[in-house]
Every structure is written in C-alpha cells, then in structure tokens.
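**Q** Mind having a look at this structure? Questions to follow.
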Amino acid sequence: MIKIIKEIPAFFTFTLKLMSVFAMLFFCTRVLFVLFNNPSTNHESVSVYFSAFFMGLRFDLIIASYLLLLPALVLFTIEFFKENKKILLSIRVFLILVSVPALFIACADIPYFSQFGSHINKSVMVWSLSPGYALKLIFSSFYYWGFSLAFLVLFVFYWILIRKLFLNYTKNKLENTTSLKKKFLFFLVLAFILFAFARGRLASKSTMHEGMAIVSQNAFVNQIALNANFTLIKSLGRKETNKEYLKNIASDLKICSAFYSLNYFPKEGVLNEPIVSTAPADSINKLNVIIVLMESLNMSKMGYYNHKNLSPYLNSLAKESVFFDRFFSSGIHTFNGLFSTTTGFPSIYTEQGLREYTKRPFTTLTTLLKPYGYHSYFCTTHDAVFDNMEGFFKLNGYENIISESDFSITESVGVTGVPDHLLYKKLIERINKNEKNSSFVACVMTGTDHGPWHIPVDIDFKPSGSSFQENASLYADWAVQQFMLEAKKQDWYQNTVFVFLGDHGQIMDDPYAMPITYHHTPFIVHCPMVLQASENHHLGYQPDVVRTISSVLKLNYPNFSFGENILEKSRPFVFFSADDKLGFVTDDDLFFYHTFSDDQKKVVRYRELGSENIYEGNRKRADSLYALTQSLYNSAQYYLHKNYKSD
Numbered sequence: 049m050i051k052i053i054k055e056i057p058a059f060f061t062f063t064l065k066l067m068s069v070f071a072m073l074f075f076c077t078r079v080l081f082v083l084f085n086n087p088s089t090n091h092e093s094v095s096v097y098f099s100a101f102f103m104g105l106r107f108d109l110i111i112a113s114y115l116l117l118l119p120a121l122v123l124f125t126i127e128f129f130k131e132n133k134k135i136l137l138s139i140r141v142f143l144i145l146v147s148v149p150a151l152f153i154a155c156a157d158i159p160y161f162s163q164f165g166s167h168i169n170k171s172v173m174v175w176s177l178s179p180g181y182a183l184k185l186i187f188s189s190f191y192y193w194g195f196s197l198a199f200l201v202l203f204v205f206y207w208i209l210i211r212k213l214f215l216n217y218t219k220n221k222l223e224n225t226t227s228l229k230k231k232f233l234f235f236l237v238l239a240f241i242l243f244a245f246a247r248g249r250l251a252s253k254s255t256m257h258e259g260m261a262i263v264s265q266n267a268f269v270n271q272i273a274l275n276a277n278f279t280l281i282k283s284l285g286r287k288e289t290n291k292e293y294l295k296n297i298a299s300d301l302k303i304c305s306a307f308y309s310l311n312y313f314p315k316e317g318v319l320n321e322p323i324v325s326t327a328p329a330d331s332i333n334k335l336n337v338i339i340v341l342m343e344s345l346n347m348s349k350m351g352y353y354n355h356k357n358l359s360p361y362l363n364s365l366a367k368e369s370v371f372f373d374r375f376f377s378s379g380i381h382t383f384n385g386l387f388s389t390t391t392g393f394p395s396i397y398t399e400q401g402l403r404e405y406t407k408r409p410f411t412t413l414t415t416l417l418k419p420y421g422y423h424s425y426f427c428t429t430h431d432a433v434f435d436n437m438e439g440f441f442k443l444n445g446y447e448n449i450i451s452e453s454d455f456s457i458t459e460s461v462g463v464t465g466v467p468d469h470l471l472y473k474k475l476i477e478r479i480n481k482n483e484k485n486s487s488f489v490a491c492v493m494t495g496t497d498h499g500p501w502h503i504p505v506d507i508d509f510k511p512s513g514s515s516f517q518e519n520a521s522l523y524a525d526w527a528v529q530q531f532m533l534e535a536k537k538q539d540w541y542q543n544t545v546f547v548f549l550g551d552h553g554q555i556m557d558d559p560y561a562m563p564i565t566y567h568h569t570p571f572i573v574h575c576p577m578v579l580q581a582s583e584n585h586h587l588g589y590q591p592d593v594v595r596t597i598s599s600v601l602k603l604n605y606p607n608f609s610f611g612e613n614i615l616e617k618s619r620p621f622v623f624f625s626a627d628d629k630l631g632f633v634t635d636d637d638l639f640f641y642h643t644f645s646d647d648q649k650k651v652v653r654y655r656e657l658g659s660e661n662i663y664e665g666n667r668k669r670a671d672s673l674y675a676l677t678q679s680l681y682n683s684a685q686y687y688l689h690k691n692y693k694s695d
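Mapping of the sequence shown onto the numbering used here: residues 49 to 695, in sequence order.
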C-alpha cells in the first residue's frame with residue numbers, strides 16, 4: 049500500500065487536496081447559511097438536513113472541479129519538463145483570482161437569501177445600475193457587511209492551506225519517481241474524476257441541476273444544497289423565461305382582452321394617442337389623493353400569519369377605512385411596486401420598469417387628473433435618481449419631486465435617507481405652500497423600514513421591539529400616525545383620499561420557495577367623507593390601484609391596463625412574479641407557484657401557511673389558471689414592449 053501511495057504523482061494528490069479545501073470552505077458557508085436563514089418554524093429531522101448537506105457537497109464539487117480544470121492540466125504538463133517557478137507562481141495567482149469571487153459569492157449569498165428568498169442569480173445585476181447606493185446599503189449594516197468578515201477569515205484560512213499545499217507539492221514532485229506512462233494513466237483518472245464531478249452525475253441524459261437539491265417537502269431545506277456560484281452561472285446562461293412570449297400572442301391577446309373586458313384595444317397593440325378621462329369637470333369627485341407605498345409592509349406586520357403586530361396604528365386606521373385583506377404586490381423589489389402601482393401593469397420578472405419603460409408616459413392618476421387642474425408630487429426618502437425614480441415620475445406627470453436633497457445632510461439617518469416622519473412633514477409643508485386653490489395627487493415612497501434599519505433617536509417614538517428590524521417597523525407605523533394626526537389639522541384633509549400599501553412585503557418565517565409574505569400586503573383606502581369603513585375581501589394586486597382610486601374620483605376613461613376597480617369587482621385569482629418565479633392566489637385562498645430554476649409547481653393553503661403540496665389534487669384547476677396567467681403575462685409584456693420600452 050505504501051509503495052502504491054508513493055507511486056501517485058504529486059499533481060494528482062495536489063489537485064484532490066485542493067478540491068477538498070474548496071469543499072471544506074463551501075461547507076463552512078453552508079453552515080452559516082443555515083444558522084442565519086433557517087426559519088424558526090423549521091423542525092426537520094437531522095437526517096433531512098444531512099441529505100441536504102450531502103447534496104450540497106455534490107454542487108460544491110461541481111464548482112471546485114471547474115476551478116481546478118486548468119491548474120490540473122498545467123500541473124500535468126510540467127511533469128514533462130523541469131520545475132518552473134514562474135509557472136507555479138502563475139498557478140497560485142490563478143487559484144487566488146478564481147477562489148476570491150467564488151468564496152465571496154458564497155458568503156454574500158447568506159444575506160442576499162435573507163432579503164430576497166432566493167440564491168444569488170442574474171437579478172443581482174439590477175444593483176449594478178446603482179453601484180454607489182448598493183455599496184452604501186451593504187456597508188451601513190453589520191448584518192450585511194459582517195459576512196465580509198466571514199469571507200476574510202475563510203480566505204486567510206484558504207491562503208494558509210494553499211501555501212502549505214504548494215510547499216508539499218514541490219517536495220513530493222522532487223521525490224516522486226513514477227514513470228511518465230503511469231503519470232499519464234493517473235492524469236486520465238484525474239480527468240475522469242474532474243469530468244464526473246463537474247457534471248455532478250454520470251447519467252448521460254442530464255447533468256446536475258437545481259431540481260436535484262430537492263430532498264424534502266420543506267422549501268428552505270431544499271435551498272440548503274444549492275451553491276450560489278452554481279445558481280448565478282446557471283441563471284446567466286438561462287434564456288429569459290418569457291422570451292417566447294410572441295409565440296401565441298394573437299391568442300393570448302384575445303384571452304387577455306376578454307378577461308379584463310378591455311374597451312380600448314388598439315390595433316396591433318400600438319397606442320397612438322394618450323388615454324384621457326371623458327368625465328366633465330363638474331361630474332367628478334375633485335378629491336386630493338395621497339398614495340403611500342410603505343417600504344416592506346406586509347400583512348404579517350399587522351398581526352396576520354400568527355405574527356407579532358408591528359403596525360398598531362395601521363390596524364386602527366384600517367377599521368376606519370376600506371381595508372383590503374387579500375391584496376398582493378406585483379414583485380419583490382421597490383421598483384416593481386412603484387411601477388405597477390402607478391401604471392396599472394404587472395411587473396415583468398427581472399425587467400426594471402422605471403428604467404426600461406420610458407418611451408412614452410403611461411396612463412397614471414397624474415396624467416388623468418392634470419386636465420382637471422391637479423398638481424402632483426413624488427416623494428422619496430433617499431436620492432431620487434436611484435432606480436430612475438425621478439426620471440420615470442417626471443415623465444409620467446409628477447411635477448414636484450421631494451427627496452433627500454430637500455433636507456440638510458444632518459437629517460439623514462442612514463443610506464435610506466431621511467426618516468419617514470420628516471418626509472411626511474415636508475410633503476404637508478409643500479402642499480400648504482403651493483395648493484391654495486388647487487387639488488393635488490401625491491405618491492410617497494417611504495424608506496426607513498428597510499435594512500440596515502436605522503431610526504431617528506431625537507423623537508417622541510420610543511422603540512419597544514426585540515430587534516432593529518422590529519423597531520424600524522414600529523417606527524414606520526408611528527410615522528404614519530404622526531402624518532395622519534398632522535393631516536387632520538389641514539383644511540384639505542376632509543377632501544383627500546389616503547391610500548396605504550406596501551411596495552412589497554418581507555420574508556417573515558415563510559415556508560415557501562416563493563414566499564407569500566413577500567407579496568401579501570395590506571391595501572387601505574381612507575376617505576370617510578366618501579367611503580364607508582368596511583373590510584373588503586376582493587382579491588387585488590398593485591395594478592388595481594389606478595382603476596380603483598379613479599372610481600372613487602368618478603373618472604371615466606377607456607381601460608387599457610391590467611387593473612380593475614376592486615371596490616366593486618371580484619376576480620377569481622391574481623398573479624405576481626419574483627424574478628424567476630411566477631405565482632397566483634385564488635379566491636378560495638389557494639396559492640400556486642412555479643419556480644423556474646428547478647421547475648417545481650406547488651399548490652398550498654397559504655392562509656394557514658400550510659406546507660402540504662396539494663398540487664396533484666388540484667392539478668386540473670391549477671394548470672388551467674396557470675395557462676391563463678401565462679397568457680395575461682405574455683400580453684402584458686407584449687403591450688409594454690410595443691408601447692413603452694425604450695429603444
């Protein structure tokens with residue numbers, strides 16, 4: 049046995065040892081991933097976690113094998129020549145250069161998953177459009193940048209090991225007397241090992257894929273095995289899910305037109321004239337409108353899903369308003385929420401609507417109300433240029449922009465800018481200054497309830513939560529209360545419609561691969577002079593906001609949107625997306641979702657956060673509604689690209 053071991057070439061053992069090092073490093077990041085992201089409601093057996101970690105090893109070896117292909121080939125090649133220190137140095141530099149991003153991605157994936165409920169994929173490229181803001185966001189919270197410390201510790205450990213391995217390699221190479229013929233045979237064995245590990249499996253029909261990470265019915269456990277480098281590379285090479293939306297577009301458009309009862313159906317989907325209201329000025333309810341999209345507000349924060357009530361004031365306001373308890377965000381990003389709420393269109397997967405759809409204005413509340421003498425405001429707590437908010441809202445009729453630049457630098461509390469209560473205060477000041485005899489419409493995007501969760505300290509609000517995150521949610525609710533108390537003192541209060549909803553939700557002990565708590569947001573319409581307080585159970589989503597508020601104002605215009613007046617109309621289901629996932633909820637509280645990465649379809653009872661997959665028992669209905677969802681989605685993408693997508 050000792051003789052056989054001595055016959056093993058240095059390049060062979062060196063490569064396998066390097067592979068073991070990569071596997072060990074990825075194992076450490078996987079342990080951190082579980083420690084920081086495992087939902088408190090998870091009580092799976094140790095054997096299930098063991099299966100996930102074992103499958104994770106296979107995914108890790110795929111990445112390690114690809115990283116080692118070139119070094120292994122070079123090391124074998126130099127077996128035929130004298131030792132060249134420059135070549136060895138080049139291999140060491142190469143290994144450092146490829147291992148740094150691989151290890152960094154694995155560490156960065158931990159907080160990324162916590163925020164978005166999925167591993168790093170090409171949707172992360174959205175941040176590349178605003179790198180400055182992204183870096184500020186990351187380095188403003190230890191929770192985010194703290195994982196860079198884990199990266200540094202692991203990298204130092206890697207550096208020490210690789211240095212030692214190179215020293216051993218040099219020593220073993222000098223002592224090894226294996227013939228060139230045997231070295232060639234060992235290289236063939238090594239090549240086979242690397243090839244097999246790189247494919248993940250030996251079966252000829254299919255290589256390793258995300259679906260193989262599924263080891264249980266538990267959505268989180270099934271995410272443990274995946275390596276973030278693998279998911280990122282796969283997503284970059286994957287075609288857009290809806291790339292073939294034109295394939296049956298004629299049929300899809302007819303289905304869409306019938307479903308939404310569109311009474312303005314342009315020839316070939318092309319809009320030639322702007323859509324305006326035909327209602328006489330003396331027939332409309334000339335009410336002011338203030339729409340507040342609250343950062344990360346979901347139903348869990350109002351005590352739903354057995355969660356702690358972090359929005360006591362909003363709960364009390366809901367009882368004095370029309371409160372929609374089955375309302376959903378169009379996507380999982382702020383730009384999704386702003387886009388869908390203002391335009392009446394669903395968000396299209398990873399497309400950044402505020403940047404991409406700027407060819408012409410949409411039919412928004414501002415474009416509808418401007419002919420009636422309305423003035424308009426868009427407010428955000430941070431830099432208005434971020435995500436092209438200022439450009440998009442100016443294009444779509446918002447004349448006055450209020451942002452971080454309207455405040456002193458000392459008033460900002462973090463990367464998300466000024467605290468919510470100061471933004472509300474500034475809006476009231478501007479309205480009182482400008483709107484003596486005019487009506488107005490305002491859209492407010494708050495920011496304080498977003499990581500890294502900094503809240504002001506020199507105010508009456510005293511935090512009582514158990515974490516920075518809870519305190520930020522409680523503060524956001526307190527800020528709304530201060531806003532409404534101050535608004536009630538104004539002459540225009542009685543004549544104003546106040547709307548509160550989330551730009552999107554937040555993952556809060558959610559058992560699903562497509563977290564429902566990221567989409568289920570309250571929708572509160574407060575206008576006691578016009579609307580009687582009630583709890584409305586109609587299904588709704590963000591594209592319904594324009595049509596619903598327009599109905600309160602008694603505006604009459606041809607509908608060319610994907611929204612409905614949900615004060616009056618109930619629909620059988622609503623749909624939404626999350627980068628690489630598509631889902632819908634039904635009027636009897638079933639939640640269907642399809643994850644494209646592993647091609648999994650599930651149907652669950654989301655109200656109780658039920659984890660049992662009842663897809664098979666509801667297959668016919670689920671597949672029928674999913675086909676309808678795809679037709680509606682294809683039509684939305686077609687209309688948006690035809691009329692609004694910038695060249």
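Cβ coordinates follow ideal geometry from the N, Cα and C atoms, glycine included.
1) Suppose the cutoff is 7 Å on Cβ atoms and the five residues either side in sequence are ignored; what does the same chain contact list for F234 look like?
2) When burial is assigned at 16 or more other CB atoms within 10 Å of the CB, is P563 buried or exposed?
3) Which same chain residues end up closer than 8 Å to F142 when comparing Cβ atoms and leaving out the 5 residues on each side of it in sequence?
4) Can you give, in chain order, each stretch of the beta strand (DSSP E) that sits fully within the segment 211-237 and has at least 3 residues?
5) If you compare alpha carbons, which of L301, L470, T390 is closest to D696?
6) If distances are taken between C-alpha atoms only, which option among S625, S487, T634 comes closest to R619?
7) Using only CA atoms, which one of V237, L362, L200, L688 lies nearest to A527?
8) My output table needs one value for G392: the three-state DSSP class, helix, strand or coil.
9) Please list the terminal residues of the continuous beta strand (DSSP E) segment that includes S309.
10) Taking the continuous beta strand (DSSP E) assigned at R653, which residues delimit it?
11) Does the Cβ of S515 have 16 or more other Cβ atoms within 10 Å, making it buried, or fewer, making it exposed?
12) With distance defined between alpha-carbon atoms, name the residue in A366, A154, L66 nearest to I139.
13) Determine the direct distance from the alpha carbon of V593 to that of S679, and round the result to whole angstroms.
14) Ignore the nearest five residues each way along the sequence and tell me which others in G301's own chain have a CB closer than 6 Å to its CB.
15) Out of curiosity, what's the CA-to-CA distance linking I303 and N296?
16) Exposed or buried, V337, counting other C-beta atoms within 10 Å across all chains shown (16 or more means buried)?
17) Where in the segment 388-433 do unbroken runs of the alpha helix (DSSP H), each at least 4 residues long, occur, reported from the N-terminal end onward?
18) If you draw a straight line from the alpha carbon of S196 to that of V492, how long is it in whole angstroms?
19) Here's the rule: buried if 16 or more other CB atoms are within 10 angstroms of the residue's CB, otherwise exposed. What is L151?
20) For F639 versus Y560, is the C-beta distance shorter than 9 Å?
21) Would you report the Cα separation of V324 and L601, rounded to the nearest angstrom?
22) L137: buried (16+ other C-beta within 10 angstroms of its C-beta) or exposed?
23) So, do the segment 403-411 and the segment 363-378 have three or more beta carbon pairs nearer to each other than 8 Å?
24) Just curious, the alpha helix (DSSP H) that Y472 is in, first and last residue?
25) Mapping DSSP to helix, strand and coil, what is G495?
26) Please tell me whether E583 and A366 are closer than 9 Å, where the distance is taken between their beta carbons.
27) Since T63 and L105 should fall inside the 8 Å C-beta cutoff, what is the C-beta to C-beta distance between them, to a whole number of angstroms?
28) Name the one or two DSSP bridge partners that L341 has.
29) Taking its Cβ as the centre, do 16 or more other Cβ atoms sit within 10 Å of P419, making it buried, or is it exposed?
30) Within its chain, find whatever has a CB closer than 7 Å to the CB of F440; leave out the 5 residues flanking it on each side and keep chain order.
31) If we count Cβ pairs, one from each stretch, closer than 8 Å, do we get three or more for the segment 273-284 versus the segment 662-680?
32) Does DSSP classify Y681 as helix, strand or coil?
33) Taking only the alpha-carbon atoms, compute the straight-line gap between T464 and T494 and give it to the nearest angstrom.
**A** Short version:
1) Taking the first residue of the sequence shown as 1, we reach residue 234 at position 186. Excluding sequence neighbours, F234 sits near I56, P57, F60.
2) Here the question's residue 563 lines up with position 515 in the sequence shown. When all chains shown are included, P563 counts as buried.
3) Position 94 of the sequence shown, counted from the start, is the residue given in the question as residue 142. Within the same chain, F142 has close Cβ partners L118, P119.
4) none
5) Past the edges of the chain, shown from 49 to 695, lies residue 696, and the structure says nothing about it.
6) The residue labelled residue 619 in the question sits at position 571 within the sequence shown. Nearest of S625, S487, T634 to R619, Cα basis: T634.
7) Taking the first residue of the sequence shown as 1, we reach residue 527 at position 479. Here the closest residue by C-alpha is L362.
8) For this step, residue 392 is matched to residue 344 along the sequence shown. Note: G392 maps to coil in three-state DSSP.
9) By one-based count along the sequence shown, residue 309 stands at place 261. S309 -> no beta strand (DSSP E), and no H or E assigned at all.
10) Counted from its first residue, the sequence shown places residue 653 at position 605. Here the beta strand (DSSP E) through R653 covers 648-653.
11) Here residue 515 corresponds to residue number 467 of the sequence shown, with the count starting at 1. Exposed is the call here.
12) Position 91 of the sequence shown, counting from 1, holds the residue named residue 139. It is L66 whose Cα lies nearest to the Cα of I139.
13) Residue mapping note: residue 679 aligns to position 631 of the sequence shown, counting from 1. Residue mapping note: residue 593 aligns to position 545 of the sequence shown, counting from 1. Cα-Cα distance, rounded: 22 Å.
14) In the sequence shown, residue 301 corresponds to position 253, counting from 1. The question names Gly, but residue 301 in the sequence shown is Leu. Result list for L301: S683, in chain order.
15) As a position in the sequence shown, residue 303 is number 255, starting the count at 1. As a position in the sequence shown, residue 296 is number 248, starting the count at 1. Between I303 and N296, the C-alpha separation is close to 11 Å.
16) Against the sequence shown, residue 337 aligns to sequence position 289. Burial call: buried.
17) 401-404, 413-417
18) Numbered from 1 along the sequence shown, position 148 holds the residue referred to as residue 196. Numbered from 1 along the sequence shown, position 444 holds the residue referred to as residue 492. Each residue's Cα considered, the two are about 34 Å apart.
19) What you label residue 151 is simply residue 103 of the sequence shown in a count that begins at 1. Buried, by the Cβ-count rule.
20) In the sequence shown, the residue the question calls residue 639 occupies position 591. In the sequence shown, the residue the question calls residue 560 occupies position 512. Yes, these two residues count as a Cβ contact at 9 Å.
21) Residue mapping note: residue 324 aligns to position 276 of the sequence shown, counting from 1. Residue mapping note: residue 601 aligns to position 553 of the sequence shown, counting from 1. Cα-Cα distance, rounded: 14 Å.
22) Residue 137 sits at position 89 when you count from the first residue of the sequence shown. By the 10 Å Cβ count, L137 comes out exposed.
23) no
24) As a first step, residue 472 must be located in the sequence shown, where it is residue number 424. Element bounds for Y472: 468-482.
25) Within the sequence shown, numbered from 1, the residue matching residue 495 stands at position 447. In this structure, G495 counts as coil in the three-state DSSP scheme.
26) The residue you call residue 583 lines up with position 535 of the sequence shown. The residue you call residue 366 lines up with position 318 of the sequence shown. Yes. Within cutoff.
27) Locating residue 63 in the sequence shown gives position 15, counting from the first residue. Locating residue 105 in the sequence shown gives position 57, counting from the first residue. In fact, because the Cβ distance is near 17 Å, the residues do not count as touching under 8 Å.
28) Taking the sequence shown and counting its residues from 1, the one referred to as residue 341 is at position 293. Partner(s): M493, L549.
29) Counted from its first residue, the sequence shown places residue 419 at position 371. Exposed, by the Cβ-count rule.
30) Locating residue 440 in the sequence shown gives position 392, counting from the first residue. Excluding residues within five positions, the ones whose Cβ falls inside 7 Å are L402, T406.
31) no
32) Counted from its first residue, the sequence shown places residue 681 at position 633. Correct three-state label for Y681: helix.
33) What you label residue 464 is simply residue 416 of the sequence shown in a count that begins at 1. What you label residue 494 is simply residue 446 of the sequence shown in a count that begins at 1. Each residue's alpha carbon lies about 9 Å from the other.
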